[in-house]
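Protein chains in written order, with our numbering: chain U, 1 to 116; chain W, 117 to 232.
Structure first, then comments.
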Amino acid sequence: AQKITQTQPGMFVQEKEAVTLDCTYDTSDPSYGLFWYKQPSSGEMIFLIYQGSYDQQNATEGRYSLNFQKARKSANLVISASQLGDSAMYFCAMRAGAGNNRKLIWGLGTSLAVNP
Amino acid sequence: DTGVSQNPRHKITKRGQNVTFRCDPISEHNRLYWYRQTLGQGPEFLTYFQNEAQLEKSRLLSDRFSAERPKGSFSTLEIQRTEQGDSAMYLCASSLGGQGAYYGYTFGSGTRLTVV
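Rendered as structure tokens:
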């Protein structure tokens, strides 16, 4: 079965420090993609970063980087130099399988609070 | 084109009433997804369209739910005889399908439904 696990319901970080949000996944498909989204209290899902299963290097997007460990089936999000505006829910999601439907399977999310 | 638009943003309805939500995807995106997100959970897949064809429906989509995408443009999601358990955020996402490993998804701001 395909599954995303986020084991940290809530995390706190001091402004300007780095924080790691954990994500493990389970799939038997050789081709898959891993996403991280940010959801502020307004509700919209904001795309942060993507990692393909065949990508050789870890993805980076500005202050966001993805620590992809394929053998351990983990795809942790690292946010460097946290800002107050980073306070939000963070979701890890997986797109798996071939075919036309590229639906996403989601974790339960991690609530991040950045303290001044 | 400013992204995926969902209307209304909020809807309060009495139990037993019918409601309809609308999603306007990014114009060149041929794929459209509906997800439902309840409090404290990650989004759950409801249904998927490629152009005007509804290609997959989740078992979550009971016979009270119907979705359409006439002419492959905007989509509507209707819930008949609403129940309190239908209270949730309904998220719409669109993407451009085709060859290649990465399919980006753009989400709307969601419609928050409250059934009283």
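Positions of the beta carbon are idealized from the N, C-alpha and C atoms, including for glycine.
The structure presented is a predicted model; accordingly, all values stated were derived computationally and were not measured.
Collapsed DSSP secondary structure at W/Lys247 in the structure displayed: Absent from the model: residue 247 of chain W. The displayed extent of chain W is 117 to 232, so no value can be given.
Closer than 9 Å to chain U by CB, W/Thr222: Within the second sequence, residue 222 of chain W is the residue found at index 106, counting from 1. Chain U contact via Cβ: present.
DSSP three-state assignment for U/Leu84, whether helix, strand or coil: Translated into positions along the first sequence, residue 84 of chain U becomes position 84. Here U/Leu84 sits in helix by DSSP.
Alpha-carbon to alpha-carbon, U/Ala59 and U/Leu48: Here residue 48 of chain U is taken as the residue at index 48 of the first sequence, counted from 1. Here residue 59 of chain U is taken as the residue at index 59 of the first sequence, counted from 1. Rounded to the nearest angstrom, the two C-alpha atoms are 10 Å apart.
Expected contact under 8 Å - CB spacing of U/Cys94 and U/Gln2 to nearest Å: By 1-based counting over the first sequence, the position of residue 94 of chain U is 94. By 1-based counting over the first sequence, the position of residue 2 of chain U is 2. Checking the displayed sequence, the identity of residue 94 of chain U turns out to be Met instead of Cys. About 7 Å; that satisfies the 8 Å criterion.
U/Leu104 vs W/Tyr221 beta-carbon contact at 9 Å: What you label residue 104 of chain U is simply residue 104 of the first sequence in a count that begins at 1. What you label residue 221 of chain W is simply residue 105 of the second sequence in a count that begins at 1. Taking 9 Å as the Cβ cut-off, U/Leu104 and W/Tyr221 qualify as a contacting pair.
U/Gly43 versus W/Leu212, W/Leu207 and W/Ser211, residue with shortest Cα-Cα distance: As a working note, residue 43 of chain U is residue 43 in the first sequence. Out of W/Leu212, W/Leu207 and W/Ser211, W/Leu207 has the C-alpha closest to the C-alpha of U/Gly43.
Proximal residues of chain C, C-beta to C-beta of U/Ser82 below 7 Å: The chain labelled as chain C is not found among the protein chains of the depicted structure, namely U and W.
Boundaries of the beta strand (DSSP E) in which W/His126 is found, first to last residue: Taking the second sequence and counting its residues from 1, one reaches residue 126 of chain W at position 10. His126 to Thr129 is the extent of the beta strand (DSSP E) around W/His126.
Contact set between U/Lys103 and chain W, taken where Cβ atoms lie within less than 7 Å: Locating residue 103 of chain U in the first sequence gives position 103, where the first residue counts as 1. Residues of chain W passing the Cβ test: Tyr149, Phe161 and Tyr164.
Strand pairing of U/Lys103, partner residues [DSSP]: Here the question's residue 103 of chain U lines up with position 103 in the first sequence. U/Lys103 pairs with nothing; no bridge assigned.
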